[in-house]
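Asks: I have a structure I would like to understand better, so I am pasting it below and will then ask my questions one at a time.
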Amino acid sequence: MKRTITVDLDQPAADQLDRAARYRHQSPSAFLAQASEEVARRVLLDEAVRRYQEDPDDSSLSELAAEHALAVEELMQAIWARDQATATETGQTVEEVVRARHHPAPERVEAVFLENCRTAARAMDDPGFLQEAQEAVTASRALRQRSSSSGQ
Numbered sequence: 000m001k002r003t004i005t006v007d008l009d010q011p012a013a014d015q016l017d018r019a020a021r022y023r024h025q026s027p028s029a030f031l032a033q034a035s036e037e038v039a040r041r042v043l044l045d046e047a048v049r050r051y052q053e054d055p056d057d058s059s060l061s062e063l064a065a066e067h068a069l070a071v072e073e074l075m076q077a078i079w080a081r082d083q084a085t086a087t088e089t090g091q092t093v094e095e096v097v098r099a100r101h102h103p104a105p106e107r108v109e110a111v112f113l114e115n116c117r118t119a120a121r122a123m124d125d126p127g128f129l130q131e132a133q134e135a136v137t138a139s140r141a142l143r144q145r146s147s148s149s150g151q
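Sequential numbering of the sequence shown, starting at 0, is according to numbering that gives the first Met the number 0.
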């Protein structure tokens, strides 16, 4: 199914469109259709990469790819290219850039751990399992607190 969209251009923009379309041996309509597909794809890819890099634990690559109508491989290549650019800009290695992004805050790890334990405790009908998990998190927090206050 095709959809018709009307675009109003001022004369300089219309002249540029005509010239560009001639260079590609296309009609102005065909040129605009192709250009809009390319730009839309780039915008969707940039948005998927941005979301992944802001919070890699929020959505998997396959979820982001499906949501943005992209191939997982295409998304992975774009993330790699962005990581390389960031490494070049910051003077870091690509590995350092990736490690910084994938090192979640302890609170986030604890929340995910406890949610998984809550699910497991319900499935096993064992409330003691969740209680032990909560105790482990409390002990871990205390250990982190001692480590940070002793300067280690």
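We put the beta carbon where it would ideally sit given N, CA and C, even for glycine.
All figures in this text were calculated on a predicted structure; none of them were measured in a lab.
For Ser26, which residues in the same chain have their Cβ closer than 8 Å to its Cβ, ignoring the five residues on either side in sequence?
Replies: In the sequence shown, the residue the question calls residue 26 occupies position 27. Result list for Ser26: Ala20, in chain order.
Asks: Where do the ends of the alpha helix (DSSP H) carrying Asp45 lie?
Replies: Residue 45 sits at position 46 when you count from the first residue of the sequence shown. Start and end: 27 to 53.
Asks: What are the uninterrupted segments assigned as alpha helix (DSSP H) that are 4 or more residues long and contained completely in the stretch 72 to 121, given in chain order?
Replies: 93 to 100
Asks: Please go through the same chain and pick out, in chain order, the residues whose beta-carbon is closer than 7 Å to the beta-carbon of Gln91, but skip the five residues on each side of it.
Replies: Indexing the sequence shown from 1 puts residue 91 at position 92. In its chain, beyond the 5 residues on either side, no residue has a beta carbon closer than 7 Å to the beta carbon of Gln91.
Asks: Nearest CA to the CA of Arg40: which residue from His67, Thr89, Gly127?
Replies: As a working mapping, residue 40 is identified with position 41 in the sequence shown. Minimum Cα distance to Arg40 is reached at His67.
Asks: Three or more C-beta pairs under 8 Å: does that hold for the stretch 39 to 58 against the stretch 72 to 88?
Replies: Touching, yes.
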